[in-house]
Amino acid sequence: MRFHQLKEIYEHVMEINQELNGLYSCFLENTKDERTRIFLHYVIEKQAENIQGIKKLISDESIGVLSTWLDEDIEHQISARINSFKAKPDVSIDIVLDMTTEIRFQLSEWLLLIKGLVSSETVKTHLENLIEFQQLKSQQLMHAVHRMDDI
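0 is the number of the first residue of the sequence shown in numbering that gives the first Met the number 0; add one for each residue after it.
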């Protein structure tokens with residue numbers, strides 16, 4: 000189905016973040032390097048906070064904004080890409096960071112595409128907030144990597 004409500008877009012972003020958390024858990028089960036394991040514990044905790052943040056964004060949105068119809072398919076390539084990463088379960092911090100950066104970039108690109116299709120300035124603003132929220136989480140991850148380098 001091509002038409003979706005904004006609420007479905009938010010929910011899909013949340014699902015992608017849940018899938019990322021599942022990927023990190025898979026890595027944690029299979030990674031031997033202690034520094035990487037510490038980093039994965041941190042990322043899993045932060046990802047859970049991210050998911051809660053998205054849930055809060057959804058619950059704080061007005062029904063009018065969430066009910067906005069969009070003429071765009073829900074993408075499924077990001078989920079497929081996350082699943083493809085499970086083939087390499089023993090990872091390093093750099094690999095985790097590269098994979099996460101790739102996924103977050105694809106997600107941002109998709110959200111920017113949707114934003115470009117929306118005519119309502121209010122809805123555009125809310126999509127920008129979601130994009131900024133996701134970018135903030137990516138920046139926090141980068142800072143965590145730099146802190147790990149100091150250990």
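Heads up, the beta-carbon is just placed ideally off N, CA and C, and yes, glycines get one too.
Through-space distance from residue j to residue i, alpha-carbon basis
i	j	result
residue 44	residue 70	35 Å
residue 96	residue 124	28 Å
residue 119	residue 66	12 Å
residue 87	residue 20	15 Å
residue 75	residue 101	15 Å
residue 40	residue 13	20 Å
Where residue i falls, given that 16 or more other Cβ within 10 Å makes a residue buried
i	result
residue 98	buried
residue 60	buried
residue 26	buried
residue 142	exposed
residue 84	buried
residue 135	exposed
residue 103	buried
residue 145	exposed
residue 151	Residue 151 lies beyond the residue range present for the chain, which begins at 0 and ends at 150; the question has no answer from this structure.
residue 2	exposed
Extent of the continuous beta strand (DSSP E) run through residue i
i	result
residue 40	No beta strand (DSSP E) holds residue 40; the alpha helix (DSSP H) holding it covers 33–59.
Beta-carbon proximity check, residue i vs residue j, cutoff 8 Å
i	j	result
residue 35	residue 90	yes
residue 109	residue 4	no
residue 9	residue 46	no
residue 16	residue 57	no
First through last residue of the alpha helix (DSSP H) which encompasses residue i
i	result
residue 89	Taken as a continuous stretch (DSSP letters only), residue 89 belongs to no alpha helix (DSSP H), as it is neither H nor E.
residue 11	5–29
residue 73	From DSSP, residue 73 is part of no alpha helix (DSSP H); its letter is neither H nor E.
residue 64	62–65
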